[in-house]
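Read the structure below first, then the notes.
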Amino acid sequence: MEDLPSMTVSQRDQFLVLNDVFRIYSDFDASDIATQIFTVEIQRDKQLDYLMNGLRHLGPSFSSLDANRPWICYWILHSIALLGESVDDELENNTIDFLGRCQGSDGGYGGGPGQSLLVRVHDMGEMDVRACYLAISIASILNILDDELTQGLGDYILSCQTYEGGIGGEPGSEAHAGNTYCGLATMALITEVDRLNLDSLMNWIVHQQGVERGFQGRTNKLVDGCYTFWQAAPCVLLQRLYSAHDLVPEGGFRDKPGRPRDFYHTCYCLSGLSVAQHAWSKDKDTPPLNSDILGSYANHLEQVHLLHNVVMDRYNKAIEFFHRAV
Ligand SMILES: [Zn+2]
Numbered sequence: 001m002e003d004l005p006s007m008t009v010s011q012r013d014q015f016l017v018l019n020d021v022f023r024i025y026s027d028f029d030a031s032d033i034a035t036q037i038f039t040v041e042i043q044r045d046k047q048l049d050y051l052m053n054g055l056r057h058l059g060p061s062f063s064s065l066d067a068n069r070p071w072i073c074y075w076i077l078h079s080i081a082l083l084g085e086s087v088d089d090e091l092e093n094n095t096i097d098f099l100g101r102c103q104g105s106d107g108g109y110g111g112g113p114g115q116s117l118l119v120r121v122h123d124m125g126e127m128d129v130r131a132c133y134l135a136i137s138i139a140s141i142l143n144i145l146d147d148e149l150t151q152g153l154g155d156y157i158l159s160c161q162t163y164e165g166g167i168g169g170e171p172g173s174e175a176h177a178g179n180t181y182c183g184l185a186t187m188a189l190i191t192e193v194d195r196l197n198l199d200s201l202m203n204w205i206v207h208q209q210g211v212e213r214g215f216q217g218r219t220n221k222l223v224d225g226c227y228t229f230w231q232a233a234p235c236v237l238l239q240r241l242y243s244a245h246d247l248v249p250e251g252g253f254r255d256k257p258g259r260p261r262d263f264y265h266t267c268y269c270l271s272g273l274s275v276a277q278h279a280w281s282k283d284k285d286t287p288p289l290n291s292d293i294l295g296s297y298a299n300h301l302e303q304v305h306l307l308h309n310v311v312m313d314r315y316n317k318a319i320e321f322f323h324r325a326v
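In the UniProt record's numbering, the protein residues as written are 1 to 326.
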């Protein structure tokens, strides 16, 4: 970029992404309808092959994610559920067995069998908005949410909303999409959402969308496919309160054009797409209209619960199980 010496690294990368994305858009506009529909087809078989293989075996390149293995299970199983499919009994039992071996003697889960508790969120460990959300989301589904658990929590989340309107990881931190989702969802789950400045929160989110239509996670950062969930879910949540080219031909989704596919972005790109497809559904049981779905209706994905990001029927089964009369 010799001719653009004043650009920062992020600005240069964003410039390159814009070039890639606009080239894809113009190729798309120039093609006939049949090609357009084929281009944006999710190709379920290839997605499922990619996901099922990942659940059975991960190659050496995943060694850097060795402390994230339960999260990888979620990315893959949730992606499969979004596609309206499920794993067979053997794979399900193997996954349950694996997760069981990640549980420590005090009840918490580590990043893999024999590892200490997951990341640094534990007793005497890190404290941030993400950790608040994890605890409240799980407690809510398990029906153990009580006043003791929520005491002071709303004040803490409130102290993390920044002058920009988004929510940072902890007081004084920069507003960030993932933490904004976690903070807003937590406040909704503990019924204190009205305490946030929702106008400035919405204002911040809509200004994170770039001209290429992708969302960035923080002001002046690169756009990224996973933020279609972290930013779009709060938009639809707020909407309820008030009233594609991340696809990879061999299956899977990626951060942005030119990057390799991975399970994390497959999970959150599909989740964001589901949120967008169901954004205008009148209620939970109404399927989206044809016009709400990009490409053919075969791209239709299962609806997610906006506060927990699990598909609705899995959520309903958990609620039925944990909230039944004892
Ligand atoms: Zn990402």
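Where a beta carbon is used, it is the ideal one built from N, C-alpha and C, also for glycine.
Being a predicted model, the structure only gives us computed values, none of them experimental.
Proximity test, His265 beta-carbon vs ligand 1 heavy atom, cut-off 8 Å: The count along the sequence shown starts at 1 and reaches residue 265 at position 265. Yes, Cβ of His265 sits closer than 8 Å to a heavy atom of ligand 1.
Gly59 - DSSP class collapsed to helix/strand/coil: Reading the sequence shown from its first residue, position 59 is the one you call residue 59. DSSP places Gly59 in coil when its eight states are reduced to three.
Whole alpha helix (DSSP H) elements within the region 108-179, 4-residue minimum: 129-142, 147-150, 153-158
Where Val310 sits in the DSSP three-state scheme: As a first step, residue 310 is located in the sequence shown; it is residue number 310 there, counting from the start. Coil.
Arg195: first and last residue of the uninterrupted alpha helix (DSSP H) it sits in: Translated into positions along the sequence shown, residue 195 becomes position 195. Run containing Arg195: none; DSSP gives neither H nor E here.
According to DSSP, residues forming a beta bridge with Arg254: Translated into positions along the sequence shown, residue 254 becomes position 254. Paired residues: Arg261.
Residues bridged to Gln36 [DSSP beta-bridge criterion]: The residue you call residue 36 lines up with position 36 of the sequence shown. Bridge partners of Gln36: none, in fact.
6 Å Cβ shell around Ile136 - same chain, five flanking residues per side excluded: Indexing the sequence shown from 1 puts residue 136 at position 136. Around Ile136: Thr186, Leu189.
Cys102: CB within 8 Å of a non-hydrogen atom of ligand 1: On the sequence shown, position 102 is the one that residue 102 refers to. No, the beta carbon of Cys102 sits no closer than 8 Å to any heavy atom of ligand 1.
Close beta carbons around Gln103, own chain, < 7 Å, minus the five adjacent residues each side: Position 103 of the sequence shown, counting from 1, holds the residue named residue 103. Once the five neighbours on either side are set aside, the close Cβ partners of Gln103 are Tyr109.
Contact test: Asp225 Cβ vs ligand 1 heavy atom, cutoff 8 Å: If you number the sequence shown from 1, residue 225 lands on position 225. It is Gly, not Asp, that sits at residue 225 in the sequence shown. Result yes, Cβ under 8 Å from ligand 1.
Contacting residues, own chain, Cβ-Cβ under 7 Å from Asn143 (five flanking each side not counted): To locate residue 143, count along the sequence shown from 1; it is residue 143. So the qualifying residues of the chain are Phe322, His323.
Simplified DSSP state of Gln239, which is helix, strand or coil: Your numbering for residue 239 matches position 239 in the sequence shown. Gln239 falls in the helix class under three-state DSSP.
Buried or exposed (CB count within 10 angstroms, at least 16 for buried), Trp280: Mapped onto the sequence shown, residue 280 falls at position 280. Trp280 comes out exposed.
Beta-carbon proximity check, Thr266 vs Ile96, cutoff 9 Å: Counting from one through the sequence shown, the residue named residue 266 turns up at place 266. Counting from one through the sequence shown, the residue named residue 96 turns up at place 96. In this structure, Ile96 does not lie closer than 9 Å to Thr266 by Cβ.
Contact test: Tyr268 Cβ vs ligand 1 heavy atom, cutoff 8 Å: By one-based count along the sequence shown, residue 268 stands at place 268. Result yes, Cβ under 8 Å from ligand 1.
Element boundaries [alpha helix (DSSP H), containing Gly100]: The sequence position of residue 100 within the sequence shown is 100, counting from 1. Its alpha helix (DSSP H) spans residues 89-101.
Touching by the beta-carbon criterion (3+ pairs, under 8 Å), the region 168-179 and the region 146-153: no
Local Cβ density within 10 Å of Pro234, reported as buried at 16 or more and exposed below that: Along the sequence shown, one-based indexing puts residue 234 at 234. That one is buried.
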